[in-house]
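Worksheet for the structure shown next.
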Amino acid sequence: ISIIQFYWLKKGIDLNAMNFNDKVTLALNRVKQNLEDDANEFENFRKSQNKSENSLFKVDSDPLDKILTPSLDDYRLKQYQAQVANTAWLIKPEIALNTISAPDLSRYLRIELQNQGVDLNYDFGVYSNEIQDYTITNGNYNVNIDVSNNMSDGGVAQNLTTSMYQINLFDSEGREAVGSLRIFFPRKTSFLISSVLPALISSILLTGLILFCFVYTINVILTQKKVSLMKTDFINNMTHEFKTPIATISLAADSINNPMVKSKPIMIERYADIIKQENRRMLNQVEKVLQIARLDKKDFELKIVDLNLNDIVQIAIENSRLRISKGGGTITAYLKATQANIRGDENHISNVLHNLLDNAIKYSPDQLEITVETRDVKKGVQIIVSDRGIGMTKDDLKRIFEKFYRVSTGNLHDVKGFGLGLSYVKVITDAHNGQVSVESELGKGSSFTLFFPHDPKKVK
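Per my numbering, residue 22 is the first one in the sequence shown, and the count goes up by one each step.
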């Protein structure tokens, strides 16, 4: 497309250049005619004279003193001298070049170029073949011309010499030209380019729009592909997460119907507890999905109360300590914040901490070591949750807070979850006008930093 547009723009410039050349050539021809008309005014004078006066126009080889007899009075002598001056260019054409009036030439050029619609600054000059230099440049007579060095008007003369716009003067009736009229347009190139500027701008805008649409379309396609893959991953994981408790419930129900179990109330009570636990697990999973849907639609309200982040962190740690201890790991709290009181939603902030701790446990299969730290910062409190797990790549860090995104560990189901936890963390932190960031190095672990202001100006 760009090549085609460039081709037509070049064609447009070439066409405008041809049109411009035609206009200048036509203007120069008319100026030439005006100059020759000025030099030939003697024709009208000759026709108005009587026979005796017409004899003055005959060219005779007799000396002037024989022609001018005493019978001619002073008045006739003056007329004769005037006619000789007007017709002298027929005898010696070089004289005609000196009859050109610089003011008249300037006026002729201005009028004819305007008539042709050429409105550009220009330099012009009259070049004499005899002296090989310019007798007139830009409306000024050149005096004391250095013929050997051609110094008239310096750079102007050089431009005129190389100009493509030149026309011979006084070369009619087969006579050799005695000189030429030359004109040069310093800003011709920029004028020709500006003549296609609207088309050029339109072309650039159109090309830019096409490229933008192309890039946007490709980006949308790639984004939709990623979303589709994440949704497929989500469905697969959701199916797996629901399949396990359903299978457990089914097995427990079959056990209760076993005649051997029916006679043992303790066994029935045990299987009933298993069914309740798995049912509660399924309800929690469903609630997570519904919760993230409400968050996406902004269909939730924060119950803002005064709370202490040190207390919430301590409770979250105690709730997770049993799971961590079973895995042979440790969790350590460094509650350094001395001004940990903020205003926020206690339930949602607690869920945020549980999600981060759950995430640290999931992605620390070998060496489970978690630290949680609170500290005072300007206008708020920071919570840092660090682990020594598998860490993340740079690509993972860019997308870690996207909904449904889960860090790959080489096996789809070795890490449970829907990929909603960190998305939830981001939404809730933003709703409190806080911030969340992450630092991670592959194979060395991750560190999540939460910031909650003491008194958020807005609560979404």
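Note that beta-carbon positions come from the ideal geometry of N, C-alpha and C, so glycine has one too. As the structure is a computational prediction, the values presented were derived from the model and not from experiment.
Classification of residue i by the beta-carbon crowding that lies within 10 angstroms, buried from 16 upward
{"i": "residue 383", "result": "buried"}
{"i": "residue 209", "result": "buried"}
{"i": "residue 12", "result": "The question about residue 12 has no answer, for the chain in this structure spans 22 to 481."}
{"i": "residue 260", "result": "exposed"}
{"i": "residue 154", "result": "buried"}
{"i": "residue 446", "result": "buried"}
{"i": "residue 343", "result": "exposed"}
{"i": "residue 280", "result": "exposed"}
{"i": "residue 219", "result": "exposed"}
{"i": "residue 435", "result": "Annotation note: pLDDT 47 at residue 435 (below 50); position unreliable, coordinate value reported separately. So residue 435 counts as exposed."}
{"i": "residue 193", "result": "exposed"}
{"i": "residue 112", "result": "Unreliable positioning characterises residue 112 in this predicted model, as indicated by a pLDDT of 46, which lies under 50. A coordinate reading is not provided."}
Straight-line Cα distance separating residue j from residue i
{"i": "residue 555", "j": "residue 254", "result": "Nothing about residue 555 can be reported from this structure: the residues present for the chain run from 22 to 481 only."}
{"i": "residue 185", "j": "residue 204", "result": "8 Å"}
{"i": "residue 243", "j": "residue 426", "result": "15 Å"}
{"i": "residue 299", "j": "residue 271", "result": "10 Å"}
{"i": "residue 314", "j": "residue 418", "result": "23 Å"}
{"i": "residue 240", "j": "residue 215", "result": "36 Å"}
{"i": "residue 183", "j": "residue 158", "result": "15 Å"}
{"i": "residue 322", "j": "residue 226", "result": "46 Å"}
{"i": "residue 325", "j": "residue 274", "result": "43 Å"}
{"i": "residue 471", "j": "residue 269", "result": "37 Å"}
{"i": "residue 374", "j": "residue 232", "result": "45 Å"}
{"i": "residue 306", "j": "residue 444", "result": "15 Å"}
{"i": "residue 483", "j": "residue 187", "result": "Coverage of the chain is limited to positions 22 through 481, which leaves residue 483 absent and any answer about it impossible."}
{"i": "residue 399", "j": "residue 453", "result": "16 Å"}
{"i": "residue 136", "j": "residue 237", "result": "51 Å"}
{"i": "residue 370", "j": "residue 291", "result": "34 Å"}
{"i": "residue 59", "j": "residue 197", "result": "19 Å"}
{"i": "residue 411", "j": "residue 234", "result": "40 Å"}
{"i": "residue 117", "j": "residue 217", "result": "42 Å"}
{"i": "residue 276", "j": "residue 289", "result": "8 Å"}
Residue i, enclosing alpha helix (DSSP H) - first and last residue
{"i": "residue 451", "result": "442–452"}
{"i": "residue 125", "result": "123–136"}
{"i": "residue 354", "result": "Where residue 354 is concerned, there is no enclosing alpha helix (DSSP H), although the beta strand (DSSP E) it sits in stretches over 351–356."}
{"i": "residue 341", "result": "330–347"}
{"i": "residue 282", "result": "280–283"}
N- and C-terminal bounds of the beta strand (DSSP E) containing residue i
{"i": "residue 203", "result": "200–205"}
{"i": "residue 461", "result": "456–462"}
{"i": "residue 213", "result": "Where residue 213 is concerned, there is no enclosing beta strand (DSSP E), although the alpha helix (DSSP H) it sits in stretches over 209–216."}
{"i": "residue 190", "result": "186–190"}
{"i": "residue 157", "result": "154–158"}
{"i": "residue 470", "result": "466–474"}
{"i": "residue 486", "result": "The chain is shown only over 22 to 481; residue 486 falls outside these bounds and no answer can be derived."}
Interface flag, residue i vs chain B, CB-CB below 8 Å
{"i": "residue 358", "result": "The structure shown contains no chain B; it holds only a single protein chain."}
Entirely within the segment 364–414 and at least 3 residues each: give me those beta strand (DSSP E) ranges in chain order. 390–398 and 401–408
Contact between the segment 390–401 and the segment 346–355 is defined here as three or more beta-carbon pairs at a separation below 8 Å; is this criterion met? yes
At least three beta-carbon pairs within less than 8 Å, the segment 141–155 to the segment 217–232: no
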